[in-house]
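A.B. asks: Sequential numbering from 97 applies to the sequence shown in this note's numbering. From the three backbone atoms N, C-alpha and C, an ideal C-beta is built for every residue, glycine too.
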Amino acid sequence: MAAAVAAAPGALGSLHAGGARLVAACSAWLCPGLRLPGSLAGRRVGPAIWAQGWVPAAGGPAPKRGYSSEMKTEDELRVRHLEEENRGIVVLGINRAYGKNSLSKNLIKMLSKAVDALKSDKKVRTIIIRSEVPGIFCAGADLKERAKMSSSEVGPFVSKIRAVINDIANLPVPTIAAIDGLALGGGLELALACDIRVAASSAKMGLVETKLAIIPGGGGTQRLPRAIGMSLAKELIFSARVLDGQEAKAVGLISHVLEQNQEGDAAYRKALDLAREFLPQGPVAMRVAKLAINQGMEVDLVTGLAIEEACYAQTIPTKDRLEGLLAFKEKRPPRYKGE
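See below:
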């Protein structure tokens, strides 16, 4: 792989030393065996083994079972590895009805554990974050739990929330937030960490922390301006304004808005449709495309183009690239293996 990168003239020439190390490290983590010079070995974490359950096929007449074990109703986070035509899609379902899906210590711990497992699972192709509680996506931090914390405990806990949300933002595969209900404060910050956001028109979302004399602490002050622009982001944060789905679509906060259905999962069904569109594509290409976009958006154009060149170089020696060319020649669907 080093030779392949070296063959790409100037691939890393315009990168600052720190940026080069970042691209190299991330590249090694995303694609084992495909490394840039000086890359770091990716961290290995065991596969997820949490509860799995049925998910209704979008537009289908009846739900399909895709699991072998029963879900535990007390689980605050349900991790489902879908099967059959949805194989490769993982759904993280938040399930804290009694707390409006608020971010508690336990839920943050479960999210952290789930993300650690998923980011090194090469069978995962797309991740959807949704709620399993009707009318609620995530109401933000658990304020009842927060009220019991001392001042010295609040900072470290918010740091844990920020770290988990950052880990979600840095997952190597596409992520989709399905907002079928209320998404406030940390709930919206969780959605902002995803690559794509879809919402029902009846959903409500906003960064409302200034009402509590604090500011967004899970990345909202940074990700909202990047999503909708600085001036409008300031207006929304300063006013603590809450938008519905149509308003959120109009300002670019979400990509798709749907009329809610009787089941209350219109956004989730759209997220499944999008995830199915991603499944046929080359796994390595998807991972390095996300890396190139994410890192390129944080630097100037010249450096971004160098990052793109370095990431493109990773796809050249893959078996998937050759399979794609052969499938095109033979006029058949490609059979990618992520190699």
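Nearest-angstrom Cα distance between Arg322 and Ala289?
C.D. replies: Spanning the two alpha carbons is a distance of roughly 11 Å.
A.B. asks: CB-CB under 8 Å to Val436, same chain, minus the five flanking residues each way: which ones, in chain order?
C.D. replies: Lying outside 97 to 435, the shown extent of the chain, residue 436 is not represented and no answer is given.
A.B. asks: Ordered along the chain, which non-local residues of its own chain (more than five positions away) have a Cβ less than 8 Å from that of Leu339?
C.D. replies: So the qualifying residues of the chain are Lys300, Met301, Gly302, Leu332, Val347 and Leu349.
A.B. asks: Look at the alpha carbon of Gly283 and the alpha carbon of Arg258, and state the distance between them as a whole number of angstroms.
C.D. replies: Distance between the alpha carbons of Gly283 and Arg258 is about 12 Å.
A.B. asks: On the three-state DSSP scale, how would you describe Met326?
C.D. replies: In this structure, Met326 counts as helix in the three-state DSSP scheme.
A.B. asks: What does DSSP give as the partner residues of Thr222 in its beta bridges?
C.D. replies: Paired residues: Ile185.
A.B. asks: Looking at the unbroken alpha helix (DSSP H) that takes in Ala381, where does it start and where does it end?
C.D. replies: That run of the alpha helix (DSSP H) goes Pro379 to Gly392.
A.B. asks: May I ask which residues mark the beginning and end of the beta strand (DSSP E) holding Arg192?
C.D. replies: Neither: Arg192 is in no beta strand (DSSP E) and is coded neither H nor E.
A.B. asks: In chain order, what residues of the same chain have a beta carbon less than 6 Å from the beta carbon of Thr414, not counting five sequence neighbours either side?
C.D. replies: Here the set comprises Val380.
A.B. asks: In terms of DSSP beta bridges, what is Ala295 paired with?
C.D. replies: Ile275 and Val353, per the DSSP bridge assignment.
A.B. asks: What are the partner residues of Val398, as DSSP defines its beta bridges?
C.D. replies: For Val398, which the question treats as bridged, DSSP gives no partner whatsoever.
A.B. asks: Span of the alpha helix (DSSP H) holding Val260?
C.D. replies: Residues Ser247 to Ala265.
A.B. asks: For Ala363 versus Ala237, is the C-beta distance shorter than 8 Å?
C.D. replies: Going by C-beta atoms, Ala363 is not nearer than 8 Å to Ala237.
A.B. asks: Taking buried to mean at least 16 other C-beta atoms within 10 Å of its own C-beta, is Met326 buried or exposed?
C.D. replies: Answer is exposed; the Cβ neighbour count stays below 16.
A.B. asks: Please report the residue range of the beta strand (DSSP E) in which Gly302 lies.
C.D. replies: Segment Lys300 to Gly302, the beta strand (DSSP E) holding Gly302.
A.B. asks: Do you know offhand how far Val220's Cα is from Phe424's?
C.D. replies: Taking the straight line joining both Cα atoms gives about 25 Å.
A.B. asks: Given Asn202, which residues of its chain have a CB within under 8 Å of its CB, disregarding the five upstream and five downstream residues?
C.D. replies: Within the same chain, Asn202 has close Cβ partners Glu172.
A.B. asks: Give me the residue from Ala295, Glu405 and Asp369 with the minimum Cα distance to Ser351.
C.D. replies: The shortest Cα separation from Ser351 among Ala295, Glu405 and Asp369 belongs to Ala295.
A.B. asks: Going straight from the alpha carbon of Leu57 to that of Arg428, what length do you get?
C.D. replies: Here the chain has residues from 97 to 435 only, and residue 57 is not among them.
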